[in-house]
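First the structure, in the form of structure tokens, and then the observations on it.
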Amino acid sequence: MRDPTPQEEELAKSIVDEALEGYEHVVPAGELEILRAFFEAELVGTEEGLRQLRACMPDPKVDRSEELVTDRARAAAVIAIRKASAKK
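As numbered in numbering that gives the first Met the number 0, residues 0 to 87 make up the sequence shown, in order.
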């Protein structure tokens, strides 16, 4: 399993803070901190937790693709489409 990114850690903290908001008058402070640590650890320390965090994160903005075309047929198709588009 990989380590969480700083963004994932921050999101986990934010989600847990929101989830536990309002419980400070019901749950003793020490127990609330144990719950907070447990919930954050579950989100950033398990594959399922990280999967859920990624689902909550905004999609990354992609300005361009850095993918290289390695299949000659695919490359030829891309070139043909571009040429056809340029003629219109």
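Ideal placement from N, C-alpha and C gives every residue a C-beta, glycine not left out. It should be emphasised that the depicted structure is a prediction, and the values quoted were computed from it without experimental measurement.
Whose C-beta lies closer than 8 Å to the C-beta of residue i among residues of the same chain, with five residues either side of it excluded?
i	result
Val-68	Confidence is the limiting factor: at Val-68 the pLDDT is only 48, short of 50, which leaves the residue's position unreliable and the question unanswerable from this model.
Glu-46	Met-0
Going by DSSP in three states, residue i sits in which element: helix, strand or coil?
i	result
Pro-5	helix
Glu-17	helix
Lys-12	helix
Lys-82	helix
Val-68	With a pLDDT of 48 at Val-68, under the threshold of 50, the predicted position of this residue should be treated as unreliable, and no value is reported.
Val-25	coil
Are there 16 or more other CB atoms within 10 angstroms of the CB of residue i, so buried, or fewer, so exposed?
i	result
Glu-7	buried
Val-25	exposed
Ala-11	buried
Pro-3	buried
I'd like to check one pair, residue j with residue i: are the Cβ atoms closer than 8 Å?
i	j	result
Arg-35	Leu-19	yes
Glu-41	Leu-31	no
Excluding the 5 residues flanking residue i on each side, which residues of the same chain have their C-beta closer than 6 Å to its C-beta?
i	result
Phe-38	Val-15
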